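What follows is a single structure, written as structure tokens, with notes after it.
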Amino acid sequence: MKLLRCPINGWRPLSEFVYGGEVRPMPDPTAASDREWAEYVFCRQGEPGVLREWWYHVPSGTWLVAERDTLKDEVRATWLWPPPDAAQPSPDIPHTETAAASAPAVEAVPDVEVARAAQSAPPVEPAPSGEVARPGEHVPTAEATSAAPRHAETPSQPATQPEGGPEARA
Amino acid sequence: MNQPFRLPPQPREWIDRQRLLRFSFEGQPYTAYAGDTFSSALAAHGVRVLGRSFKYHRPRGIYSLANLDVNVLLEDDERTNLRGDVTPVWDGAAVRAVNTRGGVLRDTLRLADSFGAFMPVGFYYKTFYRPRRFFPLWERMLRRVAGLGTVDKRRHAGRSANDFAHTELLVVGAGPAGISAALAAAQHGVRVCLVDEQPTPGGSLLYQHASDQDAQKLLDGLIAQLAAEPLVCCRLGTVAAGYYADHYVALVDGVRLTRLRTRCTVLATGAYEQPAVFGNNDLPGVMLATAAQRLIHQYAVRPGRRAVLLTANSEGYAAARDLLRAGVELAAVVDLRPEGDRSQAALELAQQRVSLFVGHMVLAALPDRHKLGVQAVQVAPLRHGRPDPAEVKTIECDLLAMSVGWAPADGLLCQAGGKSRYSEGLRQFVPEAAPAGVFVAGRLAGVFDLSEQMASGRRAGLQAAAYLGRDTGELPPPVPSDGPPHNHDWPVALDGAPRPREAKAFVDLDEDVHFRDLVHAVQEGFDHVELLKRYSTFGMGPSQGKLANSNCIRILARLKQQPVGETGAPTARPFVHPVPLGQLAGRGFHPQRQTPLHEWHAAAGAQWIPAGDWLRPAWYGQNGSTRDEAIAAEVRAVRERAGLIDVGTLGKLEVQGRDAAELLERIYTGRFARMRPGTTRYGLMCDESGVVIDDGVVARLDDDRFYATTTTTNSSAVYRELLRWALIWGLDVSIVNATGHRGAINLAGPFAREILREVSAMDTSEQAFPYLAVREVEVLGIPARVLRTGFVGEVAYELHVPALHTLSVWEHLMAAGRRYGLRPFGVEAQRVLRLEKGHLMIGQDTDGLTTPYEAGLETLLKMDKPFFVGQRSLQIVGRKPLTRRLVGFALAADWTGPVPQECHLVIDAGEIAGRVTSIAYSPTLRRTIGLAYVRPQQAVPGMRFHVRVQDGTLVPAEVVPLPFYDPDHSRQRI
Chain A
0 MKLLRCPING WRPLSEFVYG GEVRPMPDPT AASDREWAEY VFCRQGEPGV
50 LREWWYHVPS GTWLVAERDT LKDEVRATWL WPPPDAAQPS PDIPHTETAA
100 ASAPAVEAVP DVEVARAAQS APPVEPAPSG EVARPGEHVP TAEATSAAPR
150 HAETPSQPAT QPEGGPEARA
Chain B
0 MNQPFRLPPQ PREWIDRQRL LRFSFEGQPY TAYAGDTFSS ALAAHGVRVL
50 GRSFKYHRPR GIYSLANLDV NVLLEDDERT NLRGDVTPVW DGAAVRAVNT
100 RGGVLRDTLR LADSFGAFMP VGFYYKTFYR PRRFFPLWER MLRRVAGLGT
150 VDKRRHAGRS ANDFAHTELL VVGAGPAGIS AALAAAQHGV RVCLVDEQPT
200 PGGSLLYQHA SDQDAQKLLD GLIAQLAAEP LVCCRLGTVA AGYYADHYVA
250 LVDGVRLTRL RTRCTVLATG AYEQPAVFGN NDLPGVMLAT AAQRLIHQYA
300 VRPGRRAVLL TANSEGYAAA RDLLRAGVEL AAVVDLRPEG DRSQAALELA
350 QQRVSLFVGH MVLAALPDRH KLGVQAVQVA PLRHGRPDPA EVKTIECDLL
400 AMSVGWAPAD GLLCQAGGKS RYSEGLRQFV PEAAPAGVFV AGRLAGVFDL
450 SEQMASGRRA GLQAAAYLGR DTGELPPPVP SDGPPHNHDW PVALDGAPRP
500 REAKAFVDLD EDVHFRDLVH AVQEGFDHVE LLKRYSTFGM GPSQGKLANS
550 NCIRILARLK QQPVGETGAP TARPFVHPVP LGQLAGRGFH PQRQTPLHEW
600 HAAAGAQWIP AGDWLRPAWY GQNGSTRDEA IAAEVRAVRE RAGLIDVGTL
650 GKLEVQGRDA AELLERIYTG RFARMRPGTT RYGLMCDESG VVIDDGVVAR
700 LDDDRFYATT TTTNSSAVYR ELLRWALIWG LDVSIVNATG HRGAINLAGP
750 FAREILREVS AMDTSEQAFP YLAVREVEVL GIPARVLRTG FVGEVAYELH
800 VPALHTLSVW EHLMAAGRRY GLRPFGVEAQ RVLRLEKGHL MIGQDTDGLT
850 TPYEAGLETL LKMDKPFFVG QRSLQIVGRK PLTRRLVGFA LAADWTGPVP
900 QECHLVIDAG EIAGRVTSIA YSPTLRRTIG LAYVRPQQAV PGMRFHVRVQ
950 DGTLVPAEVV PLPFYDPDHS RQRI
């Protein structure tokens, strides 16, 4: 069984994770044609190579992004969301006018799986190889992390796909 | 009872002569010593025929004695396919050979051998597939004749254990190289697990070097060091059976399967001795030289009376010397190499005037009168690499030992991702590249000299320690592995042209594949190693080609006139040895969730039904009523009085924060942003393709605080996806999965309000607490969230209370409701009740492709919202014509024929038009009602369609408007 490095919990066996599919930016639903939208919903990258994938660590409720070479089945790096140089994952969706958003007082959250959603976690710097617990694992290297995400340049993606740069979304 | 072939005590014998065991084989009584295997004990009695072959039912005996062949497969009344070569005798055992008719000596199925000429390779493939309707007959017939043991299906094997282990370094193989590696690594503080399939450490030192005094002193030293080394944990009698990603190794012993996670591995698995290919090379009495040596040194059994030794390396001469010392008459040594051998053992043999045939090959073994063993061998000189039939000499013997080469035991290495290459110098495959953290040593690495094997083991151990970050200083230089070869490149007596009356020369004994089969298969075009393997079935038997692959590759290379290196080897897969399925299954660790009311349900006679990870009461078996009676009574109670159901398995999500409403607005298809606090709304969830995936009730407790339920089976997935979307959109929201944190109880029925009043001071009037409202109140002093719901179609309150207090609330409600006729109801009654109301269940009435349009849920889609997941896809879907539609239907009230079941097909004009998704008898409406997908043009009330049931009957049904019961919903808002 493979091991995967969760940025929060360290190396954990793969059975503790759920696969979440390739990280793919959603095209703007108001601008995309039917064909472009169908491409986004149904067509998946099948070519072996380096992919960014969603993985979810079940016991701790942590979503992470792993960069994996699907040909060699080697994980090159993992990050909390968002990964470095991520294309904008979703178009800006206008907020619905909410009834009232004034009350800040939130009662204490029960001590169970606490979502990290609100934390909008900063990208975890890939650990230098000296810190990695297990030798032999491919630790993220400068080369691996600086490589442009491959999915952004594959031909099967719709040509008009928005490729907004790494935008700071607080 | 004497054992005529038993030798006087040997220095390292594995048997305990103080403990005599009795057993029977094929009905005959025999004796054994503790430590004997069935094969060794029978060999001590001079029994040679121990089994029959898989296809031709040829007699077979000891061949490798190392679990590399399955000639000796035994069964008793309980177990089958016991490997006689490695299974220790137990006192009172009564075993027989598998798959014989009339016993191993007179197996009548041996006739198959005579018909061999009419059963060429692929015979079964080509013959027994037509006519197709006869196939079951052919299959039954072939299964009776061919094959191995028969499983006793009545026998219930106990569950075997399953455990987990961790180590820093795993060393596979406790021979000279493996022990050296383990000790070298342990000296640098590495925690080592040393595994060997034999019960005793020592590897080849135990049989190949058993008569070498220096080697035995060495072994004593190694064992003493192992015993004194606390960091090395030895697991003997354990097979490292499979190598998986990130150094995860399956260890199998007789008792359990251990999943071992190691950080690195030294493979010192050694090599398998390989047989030669000549006529009748499977006769009892023909065996590997190491098998003869194992018999002598481990079991103190003389392998025969008069031997011929066929060799192509110096190991053969050492084996010949061992045979002489064990009192075997050595009729001849036949050496394939024209130059012979110059080892010490060869010199000794020459001095003892053993007749030596250099540059000769065994052409065939000749059977005795009963065809049950070898009686003589034909030897011929090699001319240009081919035996010359004109100069055949016949030498009488009852033992032919072969020592012509070795194949590396590289199964684990290949599974780990390593690669092998063919070394022309060594004439064998050697490891070329090992993955990170895997190191090879010893004979596996092509190192044959004992001291060099130990040096390569030490180096591998130090490599592993350095890999683990230990300071090992400079590593010793690599041990060269470049010959002289210990393999012959063509240990085969045959060539392309058949000879008259040629005896079968086997290349795979497991599967009865012989030389001529391979020739024919290649002629038919199956000339790639993987194709040839599958067509001829070489290497596909229980031994997985341990003794076959090497020779088959050589033969294929020669037939194709290409180098062996270009021919390649078939892929090695787990397991190295077969593992019993029961051991793989082990004990299950799948958790079963129980609600806080589980014990109460059980005491009330609940009949359970699994729901996702949970167990839920399907119905309550009270007062000996039948299932249908109980369900009908529970339904009546809810409709006429009141019922209580445990709905604690529903997913429960707390969604809080400034953007909580925004998140729900984008996830659910309806509108949630402008909900007033204190209200609830039904929520429908789609995936990005617009398929319905979940539903539930969303309660707004406060401006920034929501409480949402999900379906029982989907709660984890919904929670997970909510987390992800919130993350992607960067929303200020926190989500808590409170599914196990709260219990939930649904109180429903005309008297529900009265019963709730008994336990709570809250104002339950329709004005103060209307339908679809939510209140945070105290019930019996316990903080509760109470939701007015309508799933079953009566006045209903859903009480969500902390798990710890759920039982107390339930018991108080039951007590308070007694005088109103309150009774608990289960999932089955709830299914009927909601069906009467026409409420669909996601996952039962929808499938992986159902859109809201098909399910009749389009009124829940707020397509003018800015966004919800699935909206854009539904815009496209909505423009396309519908292909099916979910409708309510009813059977005629007086229908007495067969009743359809869920998934029975709707038939329209002889074609499939849809299927039934829910169906039940409604005690309220006194007829059978259901939900079904039909063609859109059929989805009009009053239309009739037919459902085809199991026996083919077409049952008429009529489309009925939904809901079946209380269409204006007056009963749930009184």
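These protein sequences, in sequence, are chains A and B. Last residue of the first sequence: 169 in numbering that gives the first Met the number 0, with the numbers rising by one and none dropped. Last residue of the second sequence: 973 in numbering that gives the first Met the number 0, with the numbers rising by one and none dropped. For glycine and all other residues, C-beta sits at the position ideal for the given N, C-alpha and C. Note that the coordinates shown come from a computational prediction; the quantities given were computed from them, not determined experimentally.
Inter-residue spacing [alpha-carbon to alpha-carbon] between residue i and residue j
{"i": "B:TYR920", "j": "B:GLY896", "result": "13 Å"}
{"i": "B:GLY50", "j": "B:ASN279", "result": "16 Å"}
{"i": "B:ALA226", "j": "B:ALA556", "result": "47 Å"}
{"i": "B:SER354", "j": "B:ALA330", "result": "7 Å"}
{"i": "B:ALA891", "j": "B:ALA956", "result": "7 Å"}
{"i": "B:ARG972", "j": "B:GLU765", "result": "7 Å"}
{"i": "B:ALA610", "j": "B:ARG78", "result": "37 Å"}
{"i": "B:MET140", "j": "B:ASP509", "result": "20 Å"}
{"i": "B:ARG719", "j": "A:TRP54", "result": "11 Å"}
{"i": "B:VAL808", "j": "B:GLY682", "result": "27 Å"}
{"i": "B:THR786", "j": "B:ASP627", "result": "The amino acid at residue 786 of chain B is misidentified as Thr; the sequence shows Leu. Distance between the alpha carbons of B:LEU786 and B:ASP627: 30 Å."}
{"i": "A:GLY135", "j": "B:PRO616", "result": "With a pLDDT of 38 at A:GLY135, under the threshold of 50, the modelled position of that residue is not reliable, and the figure given next carries that caveat. Those two C-alpha atoms are separated by around 51 Å."}
{"i": "B:LEU309", "j": "B:SER455", "result": "30 Å"}
{"i": "A:THR176", "j": "B:ALA463", "result": "In the structure displayed, chain A extends from 0 to 169; residue 176 of chain A sits before or after that span and is not available."}
Sequence-distant residues of its chain with Cβ nearer than 6 Å to residue i (five each side left out)
{"i": "B:ARG975", "result": "Nothing about residue 975 of chain B can be read from this structure; chain B reaches only from 0 to 973."}
Neighbourhood of residue i by C-beta distance below 8 Å, restricted to the same chain and skipping five residues each side
{"i": "B:VAL48", "result": "PRO58, ARG59, GLY60, VAL103, LEU104, PRO283, LEU371 and GLY372"}
Partner residues on chain A for residue i, Cβ-Cβ distance less than 7 Å
{"i": "B:PHE866", "result": "PRO28 and ILE92"}
Three-state secondary structure (DSSP) of residue i
{"i": "B:THR86", "result": "coil"}
{"i": "B:LYS861", "result": "coil"}
{"i": "B:GLN606", "result": "strand"}
{"i": "B:PRO801", "result": "strand"}
{"i": "B:ASN280", "result": "coil"}
{"i": "A:ALA31", "result": "coil"}
{"i": "B:THR289", "result": "helix"}
{"i": "B:GLN452", "result": "helix"}
{"i": "B:LYS559", "result": "helix"}
{"i": "B:LEU700", "result": "strand"}
Proximal residues to residue i (C-beta, below 7 Å), its chain only, five neighbours per side dropped
{"i": "A:ALA102", "result": "Caution is warranted here: a pLDDT of 39 is assigned to A:ALA102, below 50, making its placement in the model unreliable, and the coordinate value is therefore given only provisionally. Excluding sequence neighbours, A:ALA102 sits near nothing in its chain."}
{"i": "B:HIS576", "result": "ASN66, VAL238 and ALA240"}
{"i": "B:ALA379", "result": "HIS359, MET360, LEU362, PRO386, ASP387, PRO388, GLU390 and VAL391"}
{"i": "B:GLY877", "result": "TYR852"}
Proximal chain A residues relative to residue i, where beta-carbon distance stays under 9 Å
{"i": "B:GLN870", "result": "PRO28"}
Chain B contact residues for residue i, given Cβ-Cβ distances below 7 Å
{"i": "A:LEU63", "result": "The premise fails here: A:LEU63 is roughly 10 Å from chain B at the closest Cβ pair, so nothing lies under 7 Å."}
{"i": "A:ASP33", "result": "ILE875"}
{"i": "A:TRP80", "result": "LEU726"}
{"i": "A:TRP54", "result": "Simply none; closest approach about 11 Å."}
Neighbour list for residue i in chain B, Cβ cutoff strictly below 8 Å
{"i": "A:LEU70", "result": "Within 8 Å Cβ-Cβ: nothing; A:LEU70 doesn't reach chain B, min ~13 Å."}
{"i": "A:TRP36", "result": "ARG871, SER872 and ILE875"}
{"i": "A:VAL40", "result": "GLU687, SER688 and SER872"}
{"i": "A:VAL17", "result": "ARG719"}
Proximal chain A residues relative to residue i, where beta-carbon distance stays under 8 Å
{"i": "B:ARG784", "result": "Near B:ARG784 there are no residues of chain A at all, since even the closest Cβ is about 13 Å away, more than 8 Å."}
{"i": "B:ASP245", "result": "MET0, LYS1, LEU2 and GLU136"}
Item to complete: Check whether the stretch 200-211 of chain B touches the stretch 167-184 of chain B, taking contact to mean three or more Cβ pairs, one atom from each stretch, closer than 8 Å.
Response: With a cut-off of 8 Å, the stretch 167-184 of chain B and the stretch 200-211 of chain B count as touching, because enough Cβ pairs lie within range.
**OP:** Specify whether the stretch 736-746 of chain B and the stretch 799-807 of chain B touch according to this definition: at least 3 beta carbon pairs, one from each stretch, less than 8 Å apart.
**Re:** Yes, since at least three Cβ pairs between the stretch 736-746 of chain B and the stretch 799-807 of chain B fall closer than 8 Å, the two stretches touch.
Please confirm if the stretch 15-32 of chain A is in contact with the stretch 863-878 of chain B, defined as three or more CB-CB distances below 8 Å between the two stretches. Yes: the two stretches touch, three or more of their Cβ pairs being nearer than 8 Å.
Note to self: Across the stretch 525-533 of chain B and the stretch 300-320 of chain B, are there enough close Cβ pairs to call them in contact, namely three or more that are closer than 8 Å?
What the structure shows: With a cut-off of 8 Å, the stretch 300-320 of chain B and the stretch 525-533 of chain B do not count as touching, because too few Cβ pairs lie within range.
The stretch 646-666 of chain B / the stretch 703-715 of chain B touching (three or more Cβ pairs under 8 Å) = When C-beta atoms of the stretch 646-666 of chain B are compared with those of the stretch 703-715 of chain B, three or more pairs fall below 8 Å, so the two segments count as touching.
- How do the stretch 766-782 of chain B and the stretch 835-854 of chain B stand: do at least 3 beta-carbon pairs fall below 8 Å, yes or no? With a cut-off of 8 Å, the stretch 835-854 of chain B and the stretch 766-782 of chain B do not count as touching, because too few Cβ pairs lie within range.
query = Using 8 Å as the threshold, is the stretch 28-41 of chain B in touch with the stretch 505-519 of chain B, meaning 3 or more CB pairs across them?
reply = Contact between the stretch 28-41 of chain B and the stretch 505-519 of chain B is absent, because fewer than three Cβ pairs lie under 8 Å.
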